[in-house]
Amino acid sequence: MIAFVSGTVTAVTLSSAVIDVGGVGVELRCAPATLAALHVGEPATLPSSLVVREDSLTLFGFADDDERSVFELLQTASGVGPRLAQAMLAVHTPEALRRAVATEDLVKLTAVPGIGRKGAQRIVLELKDRLGAPGDGGSPRTSSNAPPAAWQEQVRAALVGLGWSPREADDAVDTVAHLADQDDVADVAMLLRAALQALSKA
16 MIAFVSGTVT
26 AVTLSSAVID
36 VGGVGVELRC
46 APATLAALHV
56 GEPATLPSSL
66 VVREDSLTLF
76 GFADDDERSV
86 FELLQTASGV
96 GPRLAQAMLA
106 VHTPEALRRA
116 VATEDLVKLT
126 AVPGIGRKGA
136 QRIVLELKDR
146 LGAPGDGGSP
156 RTSSNAPPAA
166 WQEQVRAALV
176 GLGWSPREAD
186 DAVDTVAHLA
196 DQDDVADVAM
206 LLRAALQALS
216 KA
């Protein structure tokens, strides 16, 4: 599985973005809100999910790990494929989807193109105990208007490269954030060591 893609944004369309990863352009299909936060020429790191079909390999990109997790859970419901799952995330945030499923709000679910009343009922029935209660999911670590500091991306990438999961890496980065200088001029090596120590104690 390709857990995330990190590199320079080279193109952004209405439905996808292309990120240069070591000289290879990787295309990711993304929801509009995710695409709106990407800018050509700037670095980006997107959690991803690879969908394999007999005739295609499609990589989907997300704003954060929680959005990816919900995307993958949605596809466990009958009749929900990757395109419909992405459409649901284009209309509602992960937290809004949790709330709609938990409260059996069929009106919210049928607001998604491609979901009728019966489909919404099926989604509620099959996912109510799987998506979790509202407030249980991870919220985005950073907003689209506040990109992570350079040291955060470097430490996170290093931790993932060492075998930690993206969520564990994010938690460790949050744990050591208070050690970074307020002006973002940070000692990356020191922060990485601190993050590793935090993970070893978890």
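Mapping of the sequence shown onto the working numbering: residues 16 to 217, in sequence order.
Yeah, the Cβ is synthetic: ideal placement off N, Cα and C, and Gly gets one too.
- Inter-segment contact for the segment 66 to 79 and the segment 123 to 134 is absent: fewer than three beta-carbon pairs are separated by less than 8 Å.
- A check of alpha carbon separations from Ala-18 across Ser-64, Ser-30, Val-106 identifies Ser-64 as the nearest.
- Residue environment: Gly-56 is assigned as exposed (fewer than 16 neighbouring CB atoms within 10 Å of its CB, all protein chains considered).
- In terms of Cβ geometry, Leu-207 and Gln-169 form a close pair [threshold 9 Å].
- In its chain, beyond the 5 residues on either side, Val-20, Ser-21, Gly-22 have a beta carbon closer than 8 Å to the beta carbon of Val-36.
- The segment 54 to 131 is shown to contain whole alpha helix (DSSP H) runs of 4 or more residues at 80 to 89, 97 to 106, 109 to 117, 121 to 124, in chain order.
- With respect to the C-alpha of Glu-82, the residue from Arg-145, Gln-101, Ala-209 having the closest C-alpha is Gln-101.
- Secondary structure at Gly-22: strand, using DSSP grouped into helix, strand and coil.
- Straight-line measurement puts the Cα of Ala-78 at about 26 Å from the Cα of Asp-202.
- Between Leu-89 and Met-103 a beta carbon distance of about 6 Å is seen, short of the 8 Å cut, so the two are scored as contacting.
- For Ala-52, the three-state secondary structure derived from DSSP is coil.
- Within the same chain, Cβ atoms closer than 7 Å to the Cβ of Ala-213 are found at Ala-187, Thr-190, Val-191, the five residues on either side in sequence being excluded.
- Counting along the chain, Asp-35 sits inside the beta strand (DSSP E) bounded by residues 31 to 36.
- Ala-51 counts as exposed, since fewer than 16 other C-beta atoms from the protein chains shown sit within 10 angstroms of its C-beta.
- Per the DSSP secondary-structure output, Arg-182 pairs with nothing in a beta bridge.
- As a beta-bridge residue in DSSP terms, Glu-42 pairs with Val-33.
- C-alpha of Val-41 to C-alpha of Ala-32: approximately 8 Å in a straight line.
- In this structure, Thr-91 lies near Leu-142, with their beta-carbon atoms less than 9 Å apart.
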